[in-house]
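Asks: Just passing along the structure, written as structure tokens.
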Amino acid sequence: MPELPVKKVGIISCSGEEMAEGTISRLATRRVLETLQPERTVTICLPLFLAGGEGERAFARHYPTIAIDGCEKRCAARGTEMYSGKPAGSIVVSDLYPRRNSELGSARRLSNQGHRLVKTTAAATSKLVDRLLGPRPLVGLKPAERPAVATKAVVTCSCGSGIPVKTLTIAGREIEVAALPVIYQSWRDSGRMPDQGVSPEMVQLVRVYNPIPENEEDAWKQAIALDYARFCSEAK
Amino acid sequence: MKPKALIIPCSGIGKTLGSVARESAFRVTEDLRPETSRLMPLSPLVLGEEETREILASTPVVAIDGCTKSCAAKVAAERGGKVDQALQVSDAFKRHRGLKPEGVAELNKGGLQLAQALAEEVAELVDRMGGEVKNA
């Protein structure tokens, strides 16, 4: 398996704009990204799985993901599984705090109780991040050596997953193939020369990150073989 | 009451312009045109649920996107919606240069003012849209 960008956890939030729990999901996501786990988390907007390219859809195949949903519909978890990959963890705000009347406020303006639930949701999510990546290495460090939190954190977001893609023309269409640059590099490093062709094992690795239609497998192999040969000749 | 327009904002989580889009949508559907517009979240559209597809199929859409990825407009169209107006917050900012938005979880004053300006533009668009307000 090629070594992809640094291991982080992807947090995918409900975007429910019509309920307070949707806002709580979103603010909790930001709290995890900015304050609780700034070095170890990234996010992507749920709709980008549909509106974006293959790089976005490959997100959950590269990163273990945690879906934060506002309600039992679990749009974030189901949407992530449907278009990208099964989330490694799931939080549902309405499970953490079954709502009574409108005590959480509205989607537009949370009440104090709603803001408290943001912190609770973020803390639960942060625990899941620790479970997936192991605890943060804070013990034994002097305060000055601990990772900076809160104020200067930059949210690694959205609109691009950080997964390298390459556009190939396959079966007459331009297709973004996720992870191809690092896959090429791993093949080359392991001594696989382009004149040996593309083996089923190599196709299998590409398939981990990309849906390859069965009836187009030969076209994919041809396009990748040509492009890999070009990659190797340019690298010389 | 069936609305004349569905307002679908960007659900961007990491950028200021997404927050402006969302705030604009709230202002249209709750403050300016509560009787003739309705907010629709993107999440259920991503799943393509039958109920939301039916609403989409029968009501024109005003998409308010934060960036050029245009998720709101694209997802609405993908799910069978008629996107009557596809707006971008970045374009609104060009029309209102003095209103510089900052912040995401909480918009600054410029961001809130830009959201209001965009909401007023959207409200006028809703008024001009051809659909009738029908009883559901």
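Chains as they are written, first to last, in the working numbering: chain U, 22 to 257; chain S, 754 to 889. Note that beta-carbon positions come from the ideal geometry of N, C-alpha and C, so glycine has one too. Note that the coordinates shown come from a computational prediction; the quantities given were computed from them, not determined experimentally.
1) Alpha carbon to alpha carbon, how far is P813(S) from R786(S)?
2) I'd like to know if the stretch 834-852 of chain S and the stretch 867-882 of chain S are in contact, where contact means that at least 3 CB-CB pairs between them fall below 8 Å.
3) Please classify R832(S): does DSSP put it in a helix, a strand, or coil?
4) So with CB distances below 9 Å, who are the chain S contacts of K94(U)?
5) Mind checking who I761(S) pairs with in its DSSP beta bridge?
6) Could you give the residue range of the beta strand (DSSP E) that holds V186(U)?
7) Would you say R786(S) faces chain U, with C-beta separation under 8 Å as the test?
8) Less than 8 Å between CB atoms is the rule here; does K887(S) satisfy it with respect to chain U?
9) So which residues on chain U does E783(S) lean against when the C-beta distance must stay under 9 Å?
10) Do V799(S) and L871(S) count as a contact pair if the criterion is CB distance below 8 Å?
11) When you compare each of R78(U), L189(U), A88(U) and S123(U) to V150(U) by their alpha carbons, which one comes out closest?
12) Restricting to Cα atoms, I'd like to know which of L878(S), S811(S) and S777(S) is closest to A830(S).
13) In chain order, what residues of the same chain lie with their CB nearer than 7 Å to the CB of D784(S), ignoring the 5 residues before and after it?
14) Taking its Cβ as the centre, do 16 or more other Cβ atoms sit within 10 Å of Q217(U), making it buried, or is it exposed?
15) Excluding the 5 residues preceding and the 5 following G106(U) in the sequence, name in chain order all residues of the same chain whose CB lies nearer than 6 Å to its CB.
16) What does a CB cutoff of less than 6 Å around I252(U) pick up in its chain, not counting 5 residues either side in sequence?
17) My understanding is that L131(U) touches A41(U), with C-beta atoms under 8 Å, so please give their C-beta distance in whole angstroms.
18) What residues from the stretch 870-884 of chain S come within 9 Å of chain U, judged by C-beta to C-beta, listed N to C?
19) Are G31(U) and T86(U) closer than 8 Å when you measure CB to CB?
20) Using a Cβ cut-off of 7 Å, pull out every chain S residue sitting near F70(U), in sequence order please.
21) In chain order, what residues of the same chain lie with their CB nearer than 7 Å to the CB of S147(U), ignoring the 5 residues before and after it?
22) At which residues does the beta strand (DSSP E) containing V823(S) begin and terminate?
Replies: Taking the structure as given:
1) For this step, residue 813(S) is matched to residue 60 along the second sequence. For this step, residue 786(S) is matched to residue 33 along the second sequence. The alpha-carbon atoms of P813(S) and R786(S) are separated by roughly 15 Å.
2) Yes: at least three Cβ pairs fall under 8 Å.
3) The count along the second sequence starts at 1 and reaches residue 832(S) at position 79. Coil at R832(S), not helix or strand.
4) Residue numbering aside, residue 94(U) sits at position 73 when the first sequence is read from its first letter. Those within 9 Å of K94(U) in chain S are S796, P797, L800 and E802.
5) Taking the second sequence and counting its residues from 1, one reaches residue 761(S) at position 8. Beta-bridge annotation (DSSP): I761(S) is paired with A816(S).
6) Translated into positions along the first sequence, residue 186(U) becomes position 165. For V186(U), the uninterrupted beta strand (DSSP E) run begins and ends at V186 to I191, by DSSP.
7) Here the question's residue 786(S) lines up with position 33 in the second sequence. Cβ-Cβ to chain U under 8 Å: no for R786(S).
8) Here residue 887(S) refers to the residue found at position 134 of the second sequence. Confidence in K887(S) is poor, its pLDDT being 38 and thus under 50, which makes the residue's placement too unreliable to answer from.
9) Taking the first residue of the second sequence as position 1, residue 783(S) is located at position 30. Within chain U, the residues near E783(S) are S127 and R129.
10) For this step, residue 871(S) is matched to residue 118 along the second sequence. For this step, residue 799(S) is matched to residue 46 along the second sequence. No. Outside cutoff.
11) Numbered from its first residue, the first sequence carries residue 150(U) at position 129. Measuring from the Cα of V150(U), the nearest candidate turns out to be A88(U).
12) If you number the second sequence from 1, residue 830(S) lands on position 77. If we check each option's Cα against that of A830(S), S811(S) comes out closest.
13) What you label residue 784(S) is simply residue 31 of the second sequence in a count that begins at 1. Result list for D784(S): empty, nothing under 7 Å.
14) Counted from its first residue, the first sequence places residue 217(U) at position 196. The residue in question, Q217(U), is exposed, as its Cβ has fewer than 16 Cβ neighbours within 10 Å.
15) The residue you call residue 106(U) lines up with position 85 of the first sequence. Closer than 6 Å at the Cβ level, and outside the excluded window around G106(U), lie A81 and R82.
16) Reading the first sequence from its first residue, position 231 is the one you call residue 252(U). Sequence check: residue 252(U) is Phe here, not Ile. Within the same chain, F252(U) has close Cβ partners Y205.
17) For the purposes of this step, residue 131(U) is identified with residue 110 of the first sequence, where counting begins at 1. For the purposes of this step, residue 41(U) is identified with residue 20 of the first sequence, where counting begins at 1. About 6 Å; that satisfies the 8 Å criterion.
18) From the stretch 870-884 of chain S, no residue has a Cβ closer than 9 Å to chain U.
19) Locating residue 31(U) in the first sequence gives position 10, where the first residue counts as 1. Locating residue 86(U) in the first sequence gives position 65, where the first residue counts as 1. Result yes, Cβ atoms of G31(U) and T86(U) sit closer than 8 Å.
20) Against the first sequence, residue 70(U) aligns to sequence position 49. Residues of chain S passing the Cβ test: V799.
21) Residue numbering aside, residue 147(U) sits at position 126 when the first sequence is read from its first letter. Short of 7 Å from the beta carbon of S147(U), and not among the five residues preceding or following it, lie these beta carbons of its own chain, in chain order: V53, L57 and Q58.
22) As a first step, residue 823(S) is located in the second sequence; it is residue number 70 there, counting from the start. Residue 823(S) is actually Ser in this sequence, not Val. It is not in any beta strand (DSSP E) - S823(S) carries neither H nor E in the DSSP assignment.
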